[in-house]
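See structure below.
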Amino acid sequence: MPDTVTAAEASPSGSLDGDYDDAAGYYTPGTPLVDGKAPEGPIADRWQNRKFEARLVNPANRRKLSIIIVGTGLAGASAAATLGEAGYNVKTFCYQDSPRRAHSIAAQGGINAAKNYKEDGDSVHRLFYDTVKGGDYRSRESNVYRLAEVSTNIIDQCVAQGVPFAREYGGLLDNRSFGGVQVSRTFYARGQTGQQLLIGAYQALERQIAAGTVSMFTRHEMLELIVADGKARGIIARDMVTGEVQTHLADVVVLASGGYGNVFYLSTNAMGSNVTAAWRAHRKGAYMANPCYTQIHPTCIPVSGSHQSKLTLMSESLRNDGRIWVPKNQADCDKDPRDIAEEDRDYYLERIYPSFGNLVPRDIASRAAKNVCDEGRGVGPEVDGVRRGVYLDFADAIERLGRDAVANKYGNLFDMYARITGEDPYSVPMRIYPAVHYVMGGLWVDYDLQSTIPGLFVTGEANFSDHGANRLGASALMQGLADGYFVLPHTIRDYLADGPFEAIGEDHPAVVEARTSVTERIEHFLTVNGTRSVDSYHRELGNIMWEYCGMERTETGLKKAIDLIRGLRDDFYRNVKVLGTNESLNQSLEKAGRVADFIELGELMCIDALNRRESCGGHFRGESQTEDGEALRHDDEFAYVSAWEWAGLDERPVLHKEDLSYTAIEMKQRSYK
Amino acid sequence: MNLTLKIWRQPDAVSAGAMHTYQLADVSPDMSFLEMLDVLNEQLNDQGEDPIAFDSDCREGICGMCGLMINGDAHGPEVTTTCQLHMRSFTDGETITIEPWRSDAFPVIKDLVVDRGAFDRIIQAGGYVSVNTGSAPEAHSVPVPKDDADRAFNVATCIGCGACVAACPNGSASLFMGAKVTHLGLLPQGQPERDERVVNMVAQHDHEGFGGCTNIGACTAACPKEIPLDVISQLNKDLRIAIKHGH
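If you read the sequences in order, they're chains A and B. Residue numbering for the first sequence follows the numbering used here, starting at 13 and increasing by one per position. Residue numbering for the second sequence follows the numbering used here, starting at 983 and increasing by one per position.
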């Protein structure tokens, strides 16, 4: 057990300050968790102090130390490039055919940085403040401050790499405001910022591969973590082309394996994004923090039929000029929207939130859309008996600004919409619906980004630390690159300074155990020979998660979901049908392992949501709302990170709480009325 | 819609492949091309036949992972990625032929999946700016004219899907290389390594077995990101100048 867990007394099971605890029967209370690495003192000095205190590793010794990095998106590629050039031996793994495919590439909007180039009152402190507030006071202030602090270095680094950010006529960088923020701090490369930043990190990584400091394993998937003598010492990976199960040993392991939004089946995540690397680490002792925190993005293209495999996000900037409405009367829902009279339209956001209107935060816009569709006033095709869509109407904007001006601003998004739906958004209102986009939960890490397993570090979306209960626009790219370029390389050296580590061989019991567990799992999937496809289980899991652990959760719904998921897991192991062999590319086999892990994660997400008897960020507990139906936080009871320890299959997970305290910022309730 | 699908099946890199014919009913025009293949795969799985392997990941037209020859065209009849091609582009009763990318430098791994590792190796040969982390100057210290930055962005949008190679009768990757050489060549940050970059990338390209460019233009016609043909002229110009400089 790492020294970050204190020996304080566990709270008695089932009691929560004398209140009824919904989740009491589903978990075991554990010891509180403290992030022991966060430095004390003024917040502005903490990162500088930590960097100075972190021990150094002599360049000659770096060659003797080895690092495994799983995942090569913004966080993984930037970390691999940086640690490679520092002189360590780095091995990186990704499931795609090239690191350039990582899903960071799909981020559209931009990346925040406190450069204050517009002299509009921005500062490191303001970026920090906005981020903590936006996360509904459920993130760590020390981490967020550091993120804001290094944000400026990220822009310098990317520009030096040749990332073609938007520029003004004078040749200097342009900025825009984004995601409801009142200062212009977002750097962007048209609607493809994520792509350009990832290509920058990818090129830096390829440069190190050519230099021989980094070895790249593409089409490889981590299937198990090796924990030997209490430390993370390697991984078991499967070569997805040959099926070869490989052992890779190192002195330290970094997971940069992204988020798990695909637990919902339909999401904006890439098809291959999965939780396996993180979940296998969780089963080996890494705590999973705030797993129920999922960002639901309000402006996605709605589902068109049961064949749908994924959802496409459209930039939120559309809400600047589009007006959102549904028919007042259910009877009008299948009419051509152009034939519905003005007085028969319900511009519900403008009605309920007159001061913010269509620009209310993501969670409020999302939940309001779900509510009107649940009332039966949704529009678009009926899928499974319900119309899930609301209009995003540009008719007024086109009349006010002219078609050309609208095309200049949003043309590429309109084209994308037309391509996917076959409808022309210039003449018929667009239809949008919320979709799962990003997860704020992930493996618990301390200030050094180290998990509860010594030697296992976690970066980017795979960790939990920086976003709280909500993620603001343009802050995910910032976190990925901050972790990989500027944070991890400093904190990992403090750990590596303990090296050289005792070599372990492939015959070490921990290695043998991990390998055996992988080969047995593969063997199991290939021999069940049941009747249902892997995808059908994934889809069913997704429906349960969306219905009961999506935008709105209730005690009854979550308990029902847990029962359903347990039943689904049983059936999956008995009745899944995976054809083919291990010894060649077998996409069904790959998916089977991932879906098995998603099922276990889904159950934990529901237990976490059950425990969190408050509404915060996008996590609306039906039982916790104001008289007006707004989200109601309970800071007195829930200002903590929930960090879950695996206790075994069919065992209750153990809940460790890390209290969140704020010294540089005051906690406030949100109001968007 | 009801469709007849003729699809290339090849169990692995060393086995011989062949076209197989499948019937698929009830295809919705709203499905993406890959969702149509998902549905076919569910049908094959039910029948106990190995599902067809194909690559896809983001399904938003940006990661570059997907790519099929559809009726002989890279990414099919429209200028887009395969994941953004929808079945409304086809007609009821149509026969659609689906093959993997055609190129010796992209060997087939299984069915419709090919190995595009050669693209990464071309980037390794010089498709980057050598800057170490933490040593970058202040971003505003190097202004870039807006027109150059915009044009650099336009060509930097290459997604590395390989459609240019698959469409080229010579199997040349000149459009892919030209996009990167032009992107970095337009920016002040890319100048110090400009000569070396183009020479090394072209050498790696030839080493990988890609063919020479004869300015046919099939690459740019197939490119889902509409990378213009003149990046190849820029590539040739940069190469000529580098050789003149003695590289």
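Here a beta-carbon is modelled for each residue, glycine too, at the ideal position from N, C-alpha and C.
Going by the CB atoms, is the gap between residue 513 of chain A and residue 132 of chain A shorter than 9 angstroms? In this structure, residue 513 of chain A does not lie closer than 9 angstroms to residue 132 of chain A by Cβ.
Check the Cβ of residue 93 of chain A against every Cβ in chain B and list those closer than 8 angstroms, keeping chain order. Result: 1115.
Can you give me the C-alpha to C-alpha distance between residue 88 of chain A and residue 345 of chain A, rounded to a whole angstrom? Rounded to whole angstroms, residue 88 of chain A to residue 345 of chain A spans 46 angstroms at the Cα level.
Give, in chain order, every unbroken run of the beta strand (DSSP E) that is at least 3 residues long and sits entirely within the region 330-391 of chain A. Listed in chain order, the complete beta strand (DSSP E) runs (minimum 3 residues) inside the region 330-391 of chain A are 335-339.
Exposure label - residue 20 of chain A; buried when at least 16 CB within 10 Å: Residue placement at residue 20 of chain A is poorly supported in this model, since its pLDDT is 34, which falls under 50; the coordinates are not used for a value here.
Can you give the Cα-Cα distance for residue 14 of chain A and residue 983 of chain B, rounded to whole angstroms? Confidence at residue 14 of chain A is low in this model, with a pLDDT of 41, below 50, so its placement is unreliable and the value that follows should be read with caution. If you draw a straight line from the Cα of residue 14 of chain A to the Cα of residue 983 of chain B, it comes to about 60 angstroms.
Is it buried or exposed for residue 363 of chain A, if we count other Cβ within 10 angstroms and need 16 for buried? Exposed is the call here.
Here's the rule I'm using: 16 or more other beta-carbon atoms within 10 Å means buried, otherwise exposed. How should residue 1213 of chain B be labelled? Buried.
Taking only beta-carbon atoms, is residue 167 of chain A less than 9 angstroms away from chain B? Interface criterion met: the Cβ of residue 167 of chain A is under 9 angstroms from a Cβ in chain B.
Residue 1120 of chain B - DSSP class collapsed to helix/strand/coil: Coil, per DSSP.
So what does residue 564 of chain A bridge to, in DSSP terms? In the DSSP assignment, the residues bridged to residue 564 of chain A are A:632.
Which bits of chain A does residue 1098 of chain B rub up against, with CB to CB less than 9 angstroms? Against chain A, the beta carbon of residue 1098 of chain B has neighbours under 9 angstroms at 109, 110, listed in chain order.
Buried or exposed: which applies to residue 347 of chain A, given that a residue is buried once 16 or more other Cβ atoms fall within 10 Å of its Cβ? Counting of Cβ neighbours within 10 angstroms places residue 347 of chain A among the exposed residues, the total staying below 16.
Is the beta carbon of residue 511 of chain A less than 9 angstroms from the beta carbon of residue 101 of chain A? With a cutoff of 9 angstroms on beta-carbon distance, residue 511 of chain A and residue 101 of chain A are scored as not near each other.
The alpha helix (DSSP H) that contains residue 94 of chain A, what's its start and end? Element bounds for residue 94 of chain A: 86-98.
Could you tell me whether the Cβ atoms of residue 402 of chain A and residue 444 of chain A are closer together than 9 angstroms? In this structure, residue 444 of chain A lies closer than 9 angstroms to residue 402 of chain A by Cβ.
Please name the residue in A:91, A:77, A:33 whose C-alpha comes closest to that of residue 502 of chain A. Closest by alpha carbon: A:91.
What's the gap between the Cα of residue 518 of chain A and the Cα of residue 495 of chain A? The straight-line gap from Cα to Cα measures roughly 31 angstroms.
Distance check for residue 1079 of chain B and residue 455 of chain A, CA to CA, integer angstroms please. Straight-line Cα distance between these residues: approximately 45 angstroms.
To the nearest angstrom, how far is it from the Cα of residue 431 of chain A to the Cα of residue 266 of chain A? If I take the Cα positions, the gap works out to 39 angstroms.
Where does residue 990 of chain B fall in DSSP's three states? Residue state, collapsed to three classes: strand.
Roughly how many angstroms lie between the CA atoms of residue 242 of chain A and residue 1000 of chain B, to the nearest whole one? Cα to Cα, residue 242 of chain A sits roughly 52 angstroms from residue 1000 of chain B.
Any C-beta of chain A under 9 angstroms from that of residue 1004 of chain B: With 9 angstroms as the cut-off, residue 1004 of chain B does not count as an interface residue toward chain A.
Tell me, which residues are paired with residue 447 of chain A by DSSP? Per DSSP, A:309.
Who are the Cβ neighbours of residue 184 of chain A in its own chain at under 8 angstroms, not counting the five residues just before and after it? Cβ neighbours of residue 184 of chain A beyond the five flanking positions: 129.
Contact check, residue 119 of chain A vs residue 488 of chain A, beta carbons under 9 angstroms: Cβ distance < 9 angstroms, so residue 119 of chain A and residue 488 of chain A count as in contact.
Chain B contact for residue 429 of chain A (CB, 9 angstroms cutoff): Taking Cβ atoms only, chain B never reaches closer than 9 angstroms to residue 429 of chain A, which makes this a no.
So within the region 608-666 of chain A, which uninterrupted alpha helix (DSSP H) runs reach at least 4 residues, ignoring any that extend past its ends? Qualifying alpha helix (DSSP H) stretches, in chain order: 647-650.
Taking a contact to mean a Cβ-Cβ separation below 9 angstroms, would you say residue 288 of chain A touches residue 609 of chain A in this structure? Cβ atoms of residue 288 of chain A and residue 609 of chain A: closer than 9 angstroms.
Taking residue 497 of chain A as the query, report the chain B residues whose CB atoms sit under 8 angstroms from its CB, ordered along the chain. Close partners of residue 497 of chain A in chain B (Cβ separation under 8 angstroms): 1115, 1116.
Quick check on residue 1190 of chain B - is its C-beta less than 9 angstroms from some C-beta in chain A? Using a Cβ-Cβ cut-off of 9 angstroms, residue 1190 of chain B does not count as an interface residue toward chain A, since no Cβ of chain A sits closer than that to its own.
Tell me which residues share the same chain as residue 331 of chain A and place their Cβ nearer than 8 angstroms to its Cβ, disregarding the 5 neighbours each side in the sequence. Within the same chain, residue 331 of chain A has close Cβ partners 310, 311, 370, 371, 377, 404.
For residue 186 of chain A, collect the residues of the same chain with a Cβ closer than 6 angstroms to its Cβ; drop the 5 residues on either side in sequence, then sort them by chain order. Within the same chain, 178, 179, 180 come within 6 angstroms of residue 186 of chain A by CB-CB distance, once the 5 residues on both sides are set aside.
Under a CB-based cut-off of 9 angstroms, is residue 114 of chain A close to chain B? Against chain B, the CB of residue 114 of chain A has a partner CB under 9 angstroms away; the residue lies at that interface.
Please compile the residues from chain B whose C-beta is within a distance smaller than 9 angstroms of the C-beta of residue 547 of chain A. Within chain B, the residues near residue 547 of chain A are 1020, 1023, 1024, 1027.
What's the gap between the Cα of residue 1091 of chain B and the Cα of residue 649 of chain A? About 55 angstroms.
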